[in-house]
Amino acid sequence: MGNDSTGLSRRGFLRDSALTLGAAAFATPLLAACGGSGTAGGVSDKKGLAAVLPEYVPSTGGVKPDLASVPGASGARTTPGFLNYPADLVKTVKQTPGAGGTYKAITPLWGSIPRSGNAYYQAVNKALGAELVVSPANGNTYATTIPTLVAGDKLPDWIQLPTWWNAMFNTGELAAKRFADLTPYLSGGNIKKYPNLAAIPTGGWAAGAWEGKLYGIPSFATEQELAGVLYFRKDVFDARGINPDEVRSADDLYHLGGQLTAAKSNVWAFDNLWLMLQQMYKVPSEFYVEGGKLHSSYESPQMEAALEFAYKLAKSGYVHPNALANDTSSATQRFYSGKELVQPGGKGGWNVMDAQTGMAAEPSYVRGAFKVFSADGGTPTILLGAPTSQMSYLNKSLSQKQIEECLRIADFLAAPFGTYEYTLLNYGVEGVDWKRGDNGPEYTEKGRKEANQVTYQFLCAPESVVSNPGFNAITQAYCAWSADAVKYAVKPVFWNMNVTVPSRFASVHTAQQVIDIMTQVTCGTKTVADFKETVKTWKAAGGDQLIAWYQTNVLDKYGTGQ
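Using this note's numbering, you'd call the opening residue of the sequence shown number 347 and step up by one each time.
Here it is as structure tokens:
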């Protein structure tokens with residue numbers, strides 16, 4: 347997904363939403379607390395996983411990016427950047443993919459649901475050569491909609507399941523019982539039959555692998571899903587002559603707080619920085635391994651050190667009072683209005699929409715990002731998250747011919763940025779839903795109502811790109827930050843592994859009491875000593891058993907996934 351703002355920046359909150367839970371939660375979004383068998387359902391060893399994953403074949407039919415991908419550490423690779431939308435729309439799918447079939451699909455939608463059968467849907471189906479009836483469901487209630495469909499045995503032919511709800515949907519069990527096994531169609535070189543699908547990064551496919559078989563089809567995959575960004579008001583820094591590159595440690599950050607804060611003028615340096623403090627202090631994701639033994643990140647010395655600094659910040663007078671009151675609803679507006687000048691967030695928030703909204707509040711507004719740095723001023727690290735959080739699945743009841751037709755349709759949906767297919771799916775029909783502007787396609791009033799929603803893209807979409815029409819400086823700054831950050835990417839323990847945790851551990855796995863006390867420490871109302879006592883209680887109440895289960899059923903059998 348990146349921060350593709352070619353009419354699609356409304357999707358940015360999907361990745362940002364995972365970040366509100368903190369880096370520890372963000373880095374392991376595929377851990378599903380469901381099932382009662384006591385087995386690590388979904389996990390495959392590296393050899394078994396490699397046997398079912400598709401071969402990655404970079405696209406040759408799309409538009410060449412202006413800012414090419416840059417390789418980094420741990421297999422990370424930056425998202426390609428585009429400064430211009432192509433005038434000539436190249437077709438990557440030479441033949442009509444459909445064979446006249448009719449398929450019902452359900453996807454979530456966080457927005458206004460277009461009327462069924464509208465002209466945009468008709469145009470896409472004509473190009474597909476099939477009747478793909480997409481029924482968007484309210485994203486805010488999607489988590490309860492899907493279990494109801496499952497219980498009533500009313501699953502459609504094609505369905506989208508965000509990975510952050512794997513536990514609620516019991517996706518691992520659904521895959522085995524209700525979804526089509528795509529391994530014979532897509533594993534290894536078989537995927538070359540579908541060139542656009544083959545260009546999706548391999549890690550995206552791994553998110554849809556369960557019990558040694560491939561079931562899922564990814565959307566918006568990326569190889570630089572990093573655990574957040576520490577943003578600052580670049581326009582304010584520039585006006586004050588502050589060089590953000592001089593902030594290279596926690597001490598530097600603390601001193602910056604004193605330089606920026608002017609409480610009498612209603613200006614504070616910081617929002618709650620907990621998300622990025624975890625990165626600075628190299629707090630491990632949910633678990634870490636030491637001497638072959640698995641431990642909870644709550645027990646790590648890095649967690650304690652990060653919380654000590656967070657508490658120090660909370661008591662410093664440099665954090666906005668509303669942030670200390672854990673008011674997250676107005677955080678973005680505080681940043682736009684200049685009431686707080688440094689704020690953590692997800693990569694998806696750095697885009698055209700952000701620039702336009704910020705400039706409406708303050709015409710000089712410019713968002714900037716600190717380079718990744720460590721608390722002690724040494725070599726930093728930043729956690730690498732799962733390559734996608736968006737997966738779709740085909741119904742097991744489909745015949746071989748129907749599955750092959752759906753995969754040809756998916757190949758059409760996966761056409762890369764700037765192609766004819768991509769433009770049709772994201773903008774609709776030229777002259778009806780969009781017109782050519784100075785910076786690429788611009789929606790008409792009709793297009794804004796019918797084509798400017800994420801529907802087909804949730805069934806399958808190409809690799810994420812970075813594009814901000816009319817705001818090339820954002821794309822250039824984003825790609826420059828990314829090129830630096832990926833040098834320090836590290837995979838957390840159990841990276842991108844689908845693990846089904848027995849239901850008896852559901853509550854302890856959530857560890858809500860620990861999360862709550864961490865929030866209180868970062869807001870200055872509880873101490874690190876209180877946190878340590880809460881962790882002891884959590885461990886005694888089942889945390890130790892959960893760790894032991896992971897040790898035996900995942901680490902000892904399948905390794906760390908790193």
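The beta carbon of each residue, even a glycine, is placed where N, CA and C say it ideally should be. Only a predicted model underlies this, so the values are computations on that prediction, with no experimental measurement involved.
On the three-state DSSP scale, how would you describe residue 334? This structure does not reach residue 334, given that the chain is present from 347 up to 908, and the question cannot be answered.
At 4 residues or longer, and completely inside the segment 809–896: list those alpha helix (DSSP H) runs for me, N to C. 818–831, 852–856, 858–868, 874–884 and 890–896
Under DSSP, the beta strand (DSSP E) around residue 908 begins and ends at which residues? The residue you call residue 908 lines up with position 562 of the sequence shown. Element bounds for residue 908: n/a, residue is neither H nor E.
Can you tell me the Cβ-Cβ gap for residue 427 and residue 411, rounded? I've got them flagged as a contact below 8 Å. Taking the first residue of the sequence shown as 1, we reach residue 427 at position 81. Taking the first residue of the sequence shown as 1, we reach residue 411 at position 65. Confirmed, Cβ separation roughly 6 Å.
Answer with buried or exposed for residue 493, where buried requires no fewer than 16 other C-beta atoms within 10 angstroms of its C-beta. The count along the sequence shown starts at 1 and reaches residue 493 at position 147. Residue 493 should be labelled exposed.
Is residue 732 helix, strand or coil when you go by DSSP? As a working mapping, residue 732 is identified with position 386 in the sequence shown. Of the three classes helix, strand and coil, the one that applies to residue 732 here is coil, per DSSP.
In chain order, what residues of the same chain have a beta carbon less than 6 Å from the beta carbon of residue 757, not counting five sequence neighbours either side? Within the sequence shown, residue 757 is the residue found at index 411, counting from 1. Correct list, in chain order: 540, 542 and 543.
Residue 491 and residue 497 - do their beta-carbons sit closer together than 8 Å? On the sequence shown, residue 497 is found 151 positions in, with the first residue counted as 1. On the sequence shown, residue 491 is found 145 positions in, with the first residue counted as 1. No. Outside cutoff.
Grab me the residues of residue 908's own chain with a C-beta within less than 7 Å of its C-beta, minus the 5 sequence neighbours each way, in chain order. Numbered from 1 along the sequence shown, position 562 holds the residue referred to as residue 908. Counting only Cβ-Cβ distances below 7 Å, and skipping sequence neighbours, we find 837, 839 and 841.
With respect to the beta strand (DSSP E) encompassing residue 482, which residues constitute its N-terminal and C-terminal limits? Start at 1 with the first residue of the sequence shown, and residue 482 comes out as number 136. Note, residue 482: beta strand (DSSP E), 477–484.
Uninterrupted beta strand (DSSP E) stretches inside the segment 532–600 (no shorter than 3 residues): 563–565 and 575–579
Residue 526 to residue 620, Cα distance in whole Å? As a first step, residue 526 is located in the sequence shown; it is residue number 180 there, counting from the start. As a first step, residue 620 is located in the sequence shown; it is residue number 274 there, counting from the start. Straight-line Cα distance between these residues: approximately 41 Å.
Take the Cβ of residue 782 as the centre, count every other Cβ of all protein chains shown within 10 Å, and call the residue buried at 16 or more, exposed below. Locating residue 782 in the sequence shown gives position 436, where the first residue counts as 1. By the 10 Å Cβ count, residue 782 comes out exposed.
With a 10 Å radius around its C-beta and 16 neighbouring C-beta atoms as the bar for buried, classify residue 612 as buried or exposed. Walking along the sequence shown from the start, residue 612 turns up at place 266. Looking at its Cβ environment, which holds fewer than 16 other Cβ atoms inside 10 Å, residue 612 is exposed.
So, using beta-carbon positions, are residue 704 and residue 682 closer together than 8 Å? What you label residue 704 is simply residue 358 of the sequence shown in a count that begins at 1. What you label residue 682 is simply residue 336 of the sequence shown in a count that begins at 1. A contact, by the Cβ cut-off of 8 Å.
If you draw a straight line from the alpha carbon of residue 397 to that of residue 904, how long is it in whole angstroms? The sequence position of residue 397 within the sequence shown is 51, counting from 1. The sequence position of residue 904 within the sequence shown is 558, counting from 1. Whole-angstrom Cα-Cα distance: 15 Å.
Is the beta carbon of residue 786 sitting closer than 8 Å to the one on residue 815? Counted from its first residue, the sequence shown places residue 786 at position 440. Counted from its first residue, the sequence shown places residue 815 at position 469. Yes.
Could you compute how far the alpha carbon of residue 581 sits from the alpha carbon of residue 591? Residue numbering aside, residue 581 sits at position 235 when the sequence shown is read from its first letter. Residue numbering aside, residue 591 sits at position 245 when the sequence shown is read from its first letter. Their backbone Cα atoms lie some 15 Å apart in a straight line.
Within the same chain, show all residues whose beta-carbon is closer than 7 Å to that of residue 368, passing over the 5 residues directly before and after it, in chain order. Stepping through the sequence shown from its first residue, residue 368 is reached at position 22. Residue confidence for residue 368 is low, a pLDDT of 35 falling below 50, so the modelled location carries little weight and cannot support an answer.
Whole-Å CB distance - residue 577 paired with residue 714, under 8 Å assumed: Counted from its first residue, the sequence shown places residue 577 at position 231. Counted from its first residue, the sequence shown places residue 714 at position 368. That belief holds up - the Cβ atoms of residue 577 and residue 714 are roughly 7 Å apart, short of 8 Å.
Evaluate residue 724 with the Cβ neighbour count: other Cβ atoms within 10 Å of its Cβ, from every protein chain shown; 16 or more gives buried, anything less gives exposed. The residue you call residue 724 lines up with position 378 of the sequence shown. Residue 724 comes out exposed.
Output the boundary residues of the alpha helix (DSSP H) element that contains residue 781. Residue numbering aside, residue 781 sits at position 435 when the sequence shown is read from its first letter. Unbroken run through residue 781 is the beta strand (DSSP E), 780–783; no alpha helix (DSSP H).
Evaluate contact between the segment 797–804 and the segment 769–779, counting only Cβ atoms and requiring at least three cross-stretch pairs below 8 Å. yes
Counting Cβ pairs closer than 8 Å, one from the segment 744–752 and one from the segment 716–734, do we hit at least three? no
Roughly how many angstroms separate the alpha carbons of residue 545 and residue 719, rounded to a whole number? As a first step, residue 545 is located in the sequence shown; it is residue number 199 there, counting from the start. As a first step, residue 719 is located in the sequence shown; it is residue number 373 there, counting from the start. C-alpha separation (whole angstroms): 32 Å.
Rounded to a whole number of angstroms, what is the C-alpha to C-alpha distance between residue 821 and residue 697? On the sequence shown, residue 821 is found 475 positions in, with the first residue counted as 1. On the sequence shown, residue 697 is found 351 positions in, with the first residue counted as 1. Computed Cα separation, rounded: 8 Å.
Spatial neighbours of residue 377 in its chain, beta-carbon cut-off 6 Å, leaving aside the 5 residues before and after: Position 31 of the sequence shown, counted from the first residue, corresponds to residue 377. With a pLDDT of only 35 at residue 377, under the threshold of 50, the placement of this residue in the model should not be trusted; the figure read from the coordinates follows. Here the set comprises 845.
Alpha helix (DSSP H) segment containing residue 679, residue limits: Start at 1 with the first residue of the sequence shown, and residue 679 comes out as number 333. From DSSP, the alpha helix (DSSP H) with residue 679 extends over 677–682.
Length of the line joining the Cα atoms of residue 355 and residue 514: Within the sequence shown, the letter at position 9 stands for residue 355. Within the sequence shown, the letter at position 168 stands for residue 514. Per-residue confidence for residue 355 stands at a pLDDT of 36, beneath the threshold of 50, marking its modelled position as unreliable; the derived number appears in the next sentence. Cα to Cα, the separation comes out at about 27 Å.
Residue environment, residue 894, which counts as buried when at least 16 other CB atoms sit within 10 Å: On the sequence shown, position 548 is the one that residue 894 refers to. Answer is exposed; the Cβ neighbour count stays below 16.
Look at the alpha carbon of residue 405 and the alpha carbon of residue 759, and state the distance between them as a whole number of angstroms. Within the sequence shown, numbered from 1, the residue matching residue 405 stands at position 59. Within the sequence shown, numbered from 1, the residue matching residue 759 stands at position 413. C-alpha separation (whole angstroms): 14 Å.
Expected contact under 8 Å - CB spacing of residue 767 and residue 438 to nearest Å: Your numbering for residue 767 matches position 421 in the sequence shown. Your numbering for residue 438 matches position 92 in the sequence shown. Between residue 438 and residue 767 the Cβ distance is about 6 Å, and since that is below 8 Å, they are a contact.
So, is residue 673 buried or exposed, given that buried needs 16 or more other C-beta atoms within 10 angstroms? Here residue 673 is taken as the residue at index 327 of the sequence shown, counted from 1. Exposed, because fewer than 16 other Cβ atoms sit within 10 Å of the Cβ of residue 673.
Element boundaries [alpha helix (DSSP H), containing residue 491]: Counting from one through the sequence shown, the residue named residue 491 turns up at place 145. It spans 488–497 - the alpha helix (DSSP H) in which residue 491 sits, taken as one unbroken run.
Cutoff 6 Å; reference residue 386; Cβ partners in own chain excluding five residues on either side: The residue given as residue 386 occupies position 40 in the sequence shown. Its pLDDT being 47, under 50, residue 386 is placed unreliably by the model, and the measurement read from it follows with that caveat. Once the five neighbours on either side are set aside, the close Cβ partners of residue 386 are 845, 899 and 900.
Using the Cα positions of residue 659 and residue 829, report the straight-line distance between them to the nearest angstrom. Position 313 of the sequence shown holds residue 659. Position 483 of the sequence shown holds residue 829. Distance between the alpha carbons of residue 659 and residue 829: 30 Å.
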